[in-house]
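In my numbering, the protein residues as written are 142 to 228.
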């Protein structure tokens, strides 16, 4: 599957807007306290909406939340975009 470094790189490079949209639509899957705890584990110094979104997506992927399959499909799409641009 995708390791954390690869997930974060794909999201930050090709999926920022989609990550923000996903976070806005699915934020109810995580409490703000849990998100803050997860951000601290990831050693995330920035506290921006984009950082929240990226941490949210990574949390859902890592913990196999109900949107896991959608996230995996989305990451495969981002990887395909990356290959087209870099290839």
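Where is the CB? At the ideal position from N, CA and C, for every residue including glycine.
Cβ neighbours of residue i in the same chain (closer than 8 Å, five flanking residues each side left out)
i, result
"residue 191", "157, 160, 161"
Through-space distance from residue j to residue i, alpha-carbon basis
i, j, result
"residue 183", "residue 228", "31 Å"
"residue 181", "residue 167", "21 Å"
"residue 226", "residue 216", "15 Å"
"residue 176", "residue 197", "7 Å"
"residue 155", "residue 171", "24 Å"
"residue 142", "residue 207", "17 Å"
"residue 268", "residue 153", "Any property of residue 268 remains undetermined from this structure, which presents the chain solely from 142 to 228."
"residue 164", "residue 204", "15 Å"
Chain-order list of residues whose beta-carbon lies under 7 Å from that of residue i (same chain, five-residue window excluded)
i, result
"residue 179", "196, 200"
Residue i classed as buried or exposed, judged by whether at least 16 other C-beta atoms fall within 10 angstroms
i, result
"residue 221", "exposed"
"residue 214", "exposed"
Note down, one range per segment and in chain order, each beta strand (DSSP E) of at least 3 residues found wholly within the region 158-190. DSSP runs (the beta strand (DSSP E)) wholly in the region 158-190: none.
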